[in-house]
Amino acid sequence: YYLKDGQVLEVHFTEEGIYHMLGIQHINGKISGEAFFEKIDKGLDFDSFVQTKGMKKRFNDFKHRIRSFACIYEIMRKNKLFYVKNHILNGTTINVEYIKHGIINEKGINVGIRKMNGLLTAFTVLVDRAINPIATIDGLQPVEVVRLEIIRNHRIVEEINY
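Each residue of the sequence shown is one higher than the one before, starting from 52 at the first, in our numbering.
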């Protein structure tokens with residue numbers, strides 16, 4: 052993201068970030084971030100998250116977050132970016148530096164971005180109900196994005212000027 056003030060934010064998607072965006076650690080804490088993709092390779096599917104009554108409830112609590120995951124690419128392409136002062140969202144303990152925001156099916160979908168292992172990483176997904184789809188970004192400082200480059204395998208595959 053090329054910002055109006057001259058800053059460039061290079062946001063990465065990592066396996067650990069995807070694990071957290073899906074909320075797997077909340078649904079089944081026995082699956083670690085390091086083992087998550089290995090377990091998928093060995094056949095892990097969402098049916099395994101409804102094995103116990105407690106796990107099924109946690110899975111249902113995270114359905115909106117999991118469903119929203121399919122929309123992350125589109126949200127990341129939008130120019131709505133917000134800075135989180137002090138890196139903690141108001142009223143929470145959620146540590147993020149930036150929030151990418153979009154509205155999907157009248158709900159606010161927010162991708163939290165923070166530094167992990169020295170890289171800005173998409174790390175969490177927060178879903179705001181349709182009754183107040185801007186709850187997460189309310190009061191945050193908007194950041195003006197002037198251009199976006201989407202890079203895969205070290206090549207620019209798409210460029211958007213806002």
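Here a beta-carbon is modelled for each residue, glycine too, at the ideal position from N, C-alpha and C. Just so it is clear, the structure is predicted and the values come from calculations on it, not from any experiment.
What are the boundary residues of the beta strand (DSSP E) that residue i is part of?
i, result
"Y134", "K131 to Y134"
"V59", "Where V59 is concerned, there is no enclosing beta strand (DSSP E), given that its DSSP letter is neither H nor E."
"D179", "L170 to D179"
Look up residue i in the DSSP assignment and say whether it is helix, strand or coil.
i, result
"G84", "helix"
"H152", "strand"
"N204", "coil"
"R165", "strand"
"F100", "helix"
"N183", "coil"
Quick one: is residue i buried, meaning 16 or more other Cβ sit within 10 Å of its Cβ, or exposed?
i, result
"S119", "buried"
"G94", "exposed"
"H71", "buried"
Return the first residue and the last residue of the alpha helix (DSSP H) that residue i is part of.
i, result
"L73", "E66 to L73"
"K33", "Outside the shown range of the chain, which is 52 to 213, sits residue 33, and nothing can be said about it."
Going by DSSP, name the residue or residues bridged to residue i.
i, result
"V194", "L132"
"E210", "E200"
Does the contact criterion of 3 or more C-beta pairs under 8 Å hold for the region 175-188 versus the region 155-165?
In short, these stretches touch, since the Cβ pair count reaches three.
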